[in-house]
Amino acid sequence: MEQQLDVFVKVVELKNFSLAAKELHMTQPAVSQHIQMLERDMGAKLLERNNKFIRLTHTGDIVYYHAKEILGLYSRMKDLVEDAMHEARGKLLIGASYTFGEYILPHVIARLRDAYPSIQPSITIANTQEIVHLVKSYQLDVGIIEGDLHEPKLHTEPFAKDEMLLFISPKHPLSQKRNVSMRDLQDETWIVREIGSGTREAAEKLFDASQIRPEHMMEFGSNQVIKESVEAGLGITLLSKSAVRKEQKLGTLIALQIDGLPLVRNFSIITKPTKFQPRSVDVFLQLLRAEQ
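Quick note on the UniProt record's numbering: the sequence shown kicks off at 1 and runs consecutively.
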């Protein structure tokens, strides 16, 4: 069954029997046979296929979703058995939201590689919502997200504080004002992250707490693009101090001094609740907790 699911997932993701056969080091008839056996076992047609396309049926979509989880669990079981017999080693699948992943995680990974060269980290950077999904579906061993999470299917551990400030260009008119309130920012253009991002969630909380609702907002899916936009004078933004260290040092971005800021949030570790963790995960978590 494990091989049938593996073949099925590969065909779905590559949308091609020949490519799947090549990647799996199998013949195309063997791939077709595994798909037919799986459809027979499921008692349902899983793929619509002709010479032009391969498409999941509704039942195929259900099988694909659960096949990813099953294969993730099977791989994790094998890794745990192997891991129990050796020192910390092997693949470590880490996911992080953008702020932590781009500005803090590389330094943690450098220390991990120095101390445990046999561990092979693989990094996924995405917004908080996507990292949560990947951990829940066993596609990541551990995730690091911005803010807190209330998800019964995951274990959440706040492990470090993150300070967030409002940043503007030194050429912005507000940079010359000593006393600035949130009310003064109502009519400014706010440059924000996309829905699903921890940084966007923090901005929304700030708007609610200040009882303002900006009419002009620009939305980007990258902290770097946001910083470039603010430097160019397009607006103001709320970002982590960790993400703006270089720009503050160079003087290309400055922080607005406003009552109620910095806004403090948590960085949190998320994992699947489990009795067993690979040693690679344990040593990585120890390094993360040292970030406090």
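Cβ coordinates follow ideal geometry from the N, Cα and C atoms, glycine included.
So, with DSSP's three-state summary, where would you put residue i?
i       : result
Gln-286 : helix
Thr-128 : helix
Thr-99  : helix
Phe-8   : helix
Val-180 : coil
Ser-268 : strand
Gln-248 : helix
Ala-255 : strand
Glu-291 : coil
Gly-198 : helix
Arg-49  : strand
Gly-72  : helix
Ile-212 : coil
Lys-78  : helix
Leu-112 : helix
Pro-29  : helix
Considering only their Cβ atoms, is the gap separating residue j from residue i smaller than 8 Å?
i           : j       : result
Glu-146     : Phe-267 : yes
Asn-127     : Ser-197 : yes
Phe-220     : Arg-193 : yes
Ile-131     : Gly-72  : no
Ile-270     : His-155 : yes
Met-164     : Ala-202 : yes
Ala-110     : Glu-291 : no
Glu-69      : Ser-137 : yes
residue 293 : Ile-191 : In the structure as shown, the chain begins at 1 and stops at 292. Residue 293 is therefore absent and cannot be evaluated.
Ile-144     : Phe-100 : yes
Start and end of the alpha helix (DSSP H) containing residue i?
i       : result
Phe-159 : Premise fails: Phe-159 lies in the beta strand (DSSP E), 155 to 168, not in any alpha helix (DSSP H).
Would you mind giving the Cβ-Cβ distance between residue i and residue j, rounded to the nearest angstrom? I have them listed as a contact below 8 Å.
i       : j       : result
Val-142 : Ala-67  : With a Cβ gap of about 22 Å, Val-142 and Ala-67 do not count as contacting.
Lys-91  : Gln-120 : 5 Å
His-25  : Val-7   : The pair is not a contact, with the Cβ atoms about 11 Å apart (cut-off 8 Å).
Glu-247 : Lys-227 : 6 Å
By the DSSP assignment, the beta strand (DSSP E) with residue i in it spans what residues?
i       : result
Ser-240 : 237 to 240
Met-218 : 216 to 220
Could you tell me if residue i is buried or exposed, where buried requires 16 or more neighbouring beta carbons within 10 angstroms of its beta carbon?
i       : result
Tyr-98  : buried
Ala-21  : buried
Phe-53  : exposed
Arg-265 : buried
Pro-273 : exposed
Arg-55  : exposed
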